[in-house]
Structure formats: structure tokens, C-alpha cells
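Note sheet for the following structure.
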Amino acid sequence: LLLLCHEGWVLFQHANVLLNPYLQRLDRTYGIALLRKRRYWVVASVLSLYWLREILSMVACLAYVSPATRVMILASSAYHTAKICLVSLDAHRRFSPRLGI
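According to the numbering used here, the sequence shown holds residues 1201 to 1301 in order.
Structure follows, in C-alpha cells:
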């Protein structure tokens, strides 16, 4: 039941952002304003916490899924961990060579 509630909440969040252009524009404007103010660690922290929540929610499900899904969860967790490391490195350097920030 907890897993179902979490997945419903995540679906609601993603659908709301994807289907609501105003929220997309607001997120983009806020992110750009933070970058202009050179608040790189704020941007990196928000993204890292979002990705960490994704990792923790997937790992919490490991005991309830099939072996194939476990492999996908572990691969996705590794990918999200790499993204956290890279965005933190970008914040430390104060630019992103991949994104031109």
C-alpha cells in the first residue's frame, strides 16, 4: 500500500509539471535566477535531494520486486548517484562543461 501511494504521488508530481507549462516556466525562471546569482550549490542541492529521494524510494522496494526489476533499480540508483556526483562537481567548479553553464 505504501509503495502504491508513493508511486501515485510521484505520478501526480510528474504529470502536474509536464502538463502545466506555467510550472515549467516557473521552475526554469527560478533556476536561471539562482544561476545568475551564482547560487550553484542551491541548484545542486535541490537536484541532489530530488535524485536521492528517487534512490531511497527505489531501494525501499527491493524486497518486493522481481530479480530483473532489482537489477534495473540498482542500475538506476548507480545512474542517479553519478548524476549527484557530477552536479556537485559542477557546483564546486562553478560551471558545467556539458551544459555550458
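Where is the CB? At the ideal position from N, CA and C, for every residue including glycine. All of these numbers come straight from a predicted model, not from anything done at the bench.
The alpha-carbon of V1246 is positioned some 14 angstroms away from that of I1255.
Counting only runs that start and end inside the stretch 1251-1298, the alpha helix (DSSP H) elements of at least 4 residues fall at 1267-1293. Non-local C-beta neighbours of V1259 in its own chain, meaning closer than 8 angstroms and more than five positions away in sequence, comprise I1273, S1277, ordered along the chain. Distance from the CA atom of C1285 to the CA atom of V1265, rounded to whole angstroms, is 27 angstroms. Between A1291 and A1244, the C-beta spacing is below 7 angstroms. Straight through space, the alpha carbons of V1287 and S1248 are spaced by roughly 8 angstroms.
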